[in-house]
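Visitor: Taken in sequence, the protein lines are chains A and B. Everything in the first sequence is counted per our numbering, starting at 1 for the first residue and increasing by one. Everything in the second sequence is counted per our numbering, starting at 448 for the first residue and increasing by one. Next up is a structure, given as structure tokens.
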Amino acid sequence: MLKGFSKGGIHAPEYKISEKAAIEPMPLPEIAVVPLCQHIGAPAVAVVKKGDTVQVGQVIATAGGFVSAPVHAPVSGTVTAVDALPDNGGVRRPTITIRVEGDQWLESIDRSETLISTCDLSPKEILEKITAAGLVGMGGATFPTHVKLAVPPGKHAEMLIINGVECEPFLTADHRLMLERGEEVLIGVRLLARVLGVSKVYIGIENNKPDAIEHLSRLSAQDPQITVVPLRVRYPQGGEKQLIEAVSGRQVPSGGLPIDVGAVVQNVGTAFAVYEAVQKNKPLIERIVTVTGRCVEHPSNLRVRIGTPLSALIERCGGMPADAGKVISGGPMMGRAVSNLEAPVTKGTSGILLIRERGAVRKEAGSCIKCAKCVTVCPMGLEPYRLSTLSKLGRFEDAEAGYITDCIECGSCAYTCPAMLPLLDYIRLGKAEVMRRVRARKSAPKA
Amino acid sequence: MDKKLIVSPSPHIHGAFSTQRLMGDVLIALIPAFIVSVIVYGVSALWVTALSVVACVGFEFLIQRYLLKGEPTLKNLSAVVTGVLLAFNLPSTLPWWMVILGALVAIGVGKMSFGGLGCNPFNPALVGRVFLLISFPVQMTGFVTPTHVDPLSDAVIPAEISAEVATDAVTGPTLLGFVKEALAGGATTVDVADKISYNDMLLGFKSGSFGEIGALALLLGFLYLLSRRVITWHTPVSVLGSMFVFSGILWLVQPLHFMNPFFQILTGGALLGAIFMATDYVTSPMTTRGMVLYGVGIGVITILIRTWGAYPEGMSFAILIMNAVVPLINKGFRPKRFGVIPAKKE
């Protein structure tokens, strides 16, 4: 019996159509648009100005606080603007635009393919390198990595859990990375374990990637601290709380953090970035992006410089299909619909998914038939039908009492709803309002 | 690239379920039982079903269009399901206008007056049936008895049984009614045993509301619903299990006075009720623990009514009574949340 999380979840058709496509380098763009906020937290602060020339890997913006990350030049060339450009949703956000000229890298970066497995740095020095390299969670949540590695006083990390689940349908970037860069990933994993001072590392991989499980198990066979854990295929296993439970049996308490049960979770993509940052001095300037969809001519996994426009990736994979109706940044369950294809790839762009027009339009919603399917699939054990209605009616106190803030927004409820109700839309609305009220209560002066 | 892109919040894909598909699957699951009823009762079963479906769909359309001035939602097939289930709970000899009246009560009172699909507290088909049962007890229990000789036993259900019950104001599917009356009259279970053929019960050669007669056909439908994940096992198994256990205890205590548990779950509306009526989404609980409690309640009330109540059959009443408790069950049996059990130590 394979391990898995205990509660709810769905098994959507996997459509891992790009899983056999080896990672290919994406050609450099002509213009790179680099957002200053590619992470959760405070935007980075630009330290270059229009007209400056930059080299690949050079810091162009420094962290804007503790929960923030610096940004590095992903290309070499001339800064043509430090202003605000529309992101993939069309909202203007601070960016640095660089006209690409050649490909001049900083001398300090080791661009060779030589595997460097030894590291003499102290945990503190490793953490400093990770912080300086602008690393963020590569799974899509983009939480600054150094913040997750800073264990709060009074807490104790017992285990590091590496997320190789890639439970979203279609996406294969992590899968390919584990297959093609397994050694590097494992070195990154050991570096992360050293920073945390933990001796137990679990790498959770869903069973639909047997080759990755086999490969990493073989590579880590001599390392007693690393255990590769095959997991049954079930969305949202890549959710932090679900993954922790799947591999360790521990449930993060409601309202708590993984560290409350002694766990720290990092993505395989992050582990790879840690390897490059620590062993190769290479900051986070490129990432693997899956470009896929049933209407895409050449579904691919591309190594892309941050700042490359999404349209270039689509062109590279066969161009925009005539029948495409929706472009999603990320996976189909939690990804974000894109309205601006000139927006760039950022640190958190795990995939570009094209959906046909036919499948992109939501079906007309009916009335709730109380079938309880949303209750059954909710991985947090909530009552989505009820929370959705309460949010719709503006009954936020009741929604709060129904633990709406526990919702991880995985979308399993809306996916399964036979009445096609936009359950998660309303729950998100209610959750945001409840969070706002909770914050207001906390900051209100005590009477 | 000036293509206009569609933008919406996640999730961007939807699973295979739709209300229409779920209701369609319920209809498919009812086909075996329907075939049995047409074999046993002939074309009249077909006519009653067709009439009931047309009436239910028609009333839903008329009420939605002209009374509520809204867009009719017939596409979701729920009115068709109500029509078939109502028909399955009627004798095949019921006058046509009573079928239509039953449909009007089922859809008009049972469903639309509460706000339509998803809002009704009681199972609409059962509201219609119980209305007819109370209003027209004679016609509602005037069953044609299939005169079928089972080759394995010599048991023939004599025509006079149904006549007996039909002339009596006491209602109920024939076999249950007959047995109840016989036991009340001082007979023992041994005395009535030769009137009961379990083969006939399984195959459907018994008298009753025509959709409830074929046990094997209904179980086939149950397996289909489970395989299509339309329903879970919790409610039907709880209903039948509690009926079995409760009547089994009675039978073990006084085997001469109480019918055995197999008889109880194979007769009357037990299977039709447990599999198709009690599992109605709208009127049943939202969590599996709630479903088990609800199912046990139905099973126990059914046996109580069958054994000591005024009616020989209690399934319809039991389901309606437990329907009324569902909001309370939903409040009391919330799903178990993630992260509230203490973290396990390895």
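All C-beta atoms in this analysis are idealised placements derived from N, C-alpha and C, irrespective of residue type, glycine included.
Quick one, which of A:Val-345, A:Asp-425, A:Thr-349, A:Leu-382 has its alpha-carbon nearest A:Pro-29's?
Guide: Answer by Cα proximity: A:Val-345.
Visitor: How long is the line joining the alpha carbons of A:Asp-52 and A:Thr-78, rounded to whole angstroms?
Guide: Approximately 6 Å, taken between the alpha carbons.
Visitor: Any C-beta of chain A sitting closer than 8 Å to the C-beta of B:Leu-469?
Guide: Closer than 8 Å to some Cβ of chain A, the Cβ of B:Leu-469 qualifies, so yes.
Visitor: Can you tell me the Cβ-Cβ gap for B:Gly-562 and B:Gly-575, rounded? I've got them flagged as a contact below 8 Å.
Guide: Not really, about 18 Å apart at Cβ, beyond 8 Å.
Visitor: From A:Tyr-426, A:Leu-196, A:His-298, A:Arg-437, pick the residue whose C-alpha is nearest to that of A:Pro-153; which is it?
Guide: Nearest C-alpha to A:Pro-153: A:Leu-196.
Visitor: Assuming A:Pro-384 is part of the alpha helix (DSSP H), what are its boundary residues?
Guide: 384-392 is the span of the alpha helix (DSSP H), which, as asked, contains A:Pro-384.
Visitor: Check for me: the alpha helix (DSSP H) holding B:Gln-701 runs from which residue to which?
Guide: B:Gln-701 -> no alpha helix (DSSP H), and no H or E assigned at all.
Visitor: So which residues on chain B does A:Ser-254 lean against when the C-beta distance must stay under 9 Å?
Guide: Under the 9 Å cutoff, chain B gives Arg-784, Phe-785, Gly-786, Val-787.
Visitor: List the DSSP bridge partners of A:Ala-32.
Guide: A:Ile-98.
Visitor: So what's A:Arg-93 in DSSP terms, helix, strand or just coil?
Guide: Strand, per DSSP.
Visitor: Would you call A:Gly-8 buried or exposed, if buried means 16 or more other Cβ atoms sit within 10 Å of its Cβ?
Guide: Flag for A:Gly-8 reads buried.
Visitor: By Cβ distance, which residues of its chain are closer than 7 Å to A:Ser-6, with the 5 residues on each side in sequence left out?
Guide: Closer than 7 Å at Cβ, skipping near neighbours: Glu-245.
Visitor: What three-state label does DSSP hand B:Trp-680 in the structure shown?
Guide: Coil at B:Trp-680, not helix or strand.
Visitor: Tell me which residue opens and which closes the beta strand (DSSP E) that A:Ile-328 is part of.
Guide: 324-329 is the extent of the beta strand (DSSP E) around A:Ile-328.
Visitor: Identify, in the order they occur along the chain, each residue of the same chain with its Cβ nearer than 8 Å to the Cβ of A:Ile-116, setting aside the five sequence neighbours on each side.
Guide: Result list for A:Ile-116: Asp-110, Ile-187, Gln-279, Lys-280, in chain order.
Visitor: For A:Gly-318, which residues of its own chain have a beta-carbon under 7 Å away from its beta-carbon, when the five flanking residues on both sides are left out?
Guide: The residues are Val-296, Glu-297, His-298.
Visitor: So if I threshold CB-CB distances at 8 Å, which residues from the region 335-348 of chain A count as touching chain B?
Guide: The residues in question are Gly-335, Arg-336, Ala-337, Val-338, Ser-339, Leu-341.
Visitor: Note the first and the last residue of the continuous beta strand (DSSP E) segment covering A:Ser-117.
Guide: Note, A:Ser-117: premise wrong, no beta strand (DSSP E); not H, not E.
Visitor: Per the contact definition of three or more C-beta pairs closer than 8 Å, is the region 414-426 of chain A in contact with the region 351-371 of chain A?
Guide: Touching, yes, given that three or more Cβ pairs across the two stretches are closer than 8 Å.
Visitor: May I have the straight-line CA-CA distance separating A:Val-82 from B:His-461, to the nearest angstrom?
Guide: Spanning the two alpha carbons is a distance of roughly 41 Å.
Visitor: Identify which residue in B:Ile-547, B:Ile-745, B:Leu-514, B:His-681 has its Cα closest to the Cα of B:Gly-530.
Guide: Per the Cα distances, B:Ile-547.
Visitor: In whole angstroms, give me the CA-to-CA distance for B:Gly-624 and B:Ile-478.
Guide: Approximately 27 Å between the Cα atoms of the pair.
Visitor: With 7 Å as the limit, tell me which residues of the region 395-407 of chain A have their beta carbon closer than that to any beta carbon of chain B; keep them in chain order.
Guide: Of all residues in the region 395-407 of chain A, Tyr-403, Asp-406 have a Cβ within less than 7 Å of some Cβ in chain B.
Visitor: According to DSSP, is A:Gly-351 part of a helix, a strand, or is it coil?
Guide: Correct three-state label for A:Gly-351: strand.
Visitor: Could you confirm whether any beta carbon from chain A is found closer than 8 Å to the beta carbon of B:Thr-734?
Guide: Closer than 8 Å to some Cβ of chain A, the Cβ of B:Thr-734 qualifies, so yes.
Visitor: Under 7 Å, CB to CB, which of the residues in the region 675-701 of chain B have a partner in chain A?
Guide: Going along the region 675-701 of chain B in chain order, one finds no residue with a Cβ nearer than 7 Å to chain A.
Visitor: Pull up the distance between the alpha-carbon of A:Lys-16 and that of A:Cys-167, whole angstroms please.
Guide: Roughly 10 Å separates the two Cα atoms.
Visitor: Just mark B:Glu-659 as buried or exposed, buried being the case when its beta carbon has 16 or more other beta carbons within 10 Å.
Guide: Its Cβ being crowded by 16 or more others within 10 Å, B:Glu-659 is buried.
Visitor: Please state whether the Cβ-Cβ distance between B:Asn-523 and B:Met-559 is less than 8 Å.
Guide: No, the Cβ-Cβ distance between B:Asn-523 and B:Met-559 is not below 8 Å.
Visitor: Could you give the DSSP three-state label for B:Ile-776: helix, strand or coil?
Guide: Reduced to three states, the DSSP call for B:Ile-776 is helix.
Visitor: Can you round the beta-carbon distance between B:Pro-500 and B:Val-473 to whole angstroms, since I take them to be within the 8 Å contact cut?
Guide: Here residue 500 of chain B turns out to be Val, not Pro, going by the sequence shown. About 13 Å separates the two Cβ atoms, so there is no contact after all.
Visitor: Mind checking whether the beta-carbon of A:Arg-181 lies closer than 7 Å to any heavy atom of the ligand MN?
Guide: Because no ligand of any kind appears in the structure shown, any question about the ligand MN cannot be addressed here.
Visitor: Taking 8 Å as the threshold (beta carbon to beta carbon), is B:Thr-540 in contact with chain A?
Guide: Not closer than 8 Å to any Cβ of chain A, the Cβ of B:Thr-540 fails to qualify, so no.
Visitor: Run through DSSP, which three-state label would A:Lys-148 get?
Guide: If DSSP states are grouped into helix, strand and coil, A:Lys-148 belongs with the helices.
Visitor: Taking A:Lys-7 as the query, report the chain B residues whose CB atoms sit under 7 Å from its CB, ordered along the chain.
Guide: Within chain B, the residues near A:Lys-7 are Phe-785.
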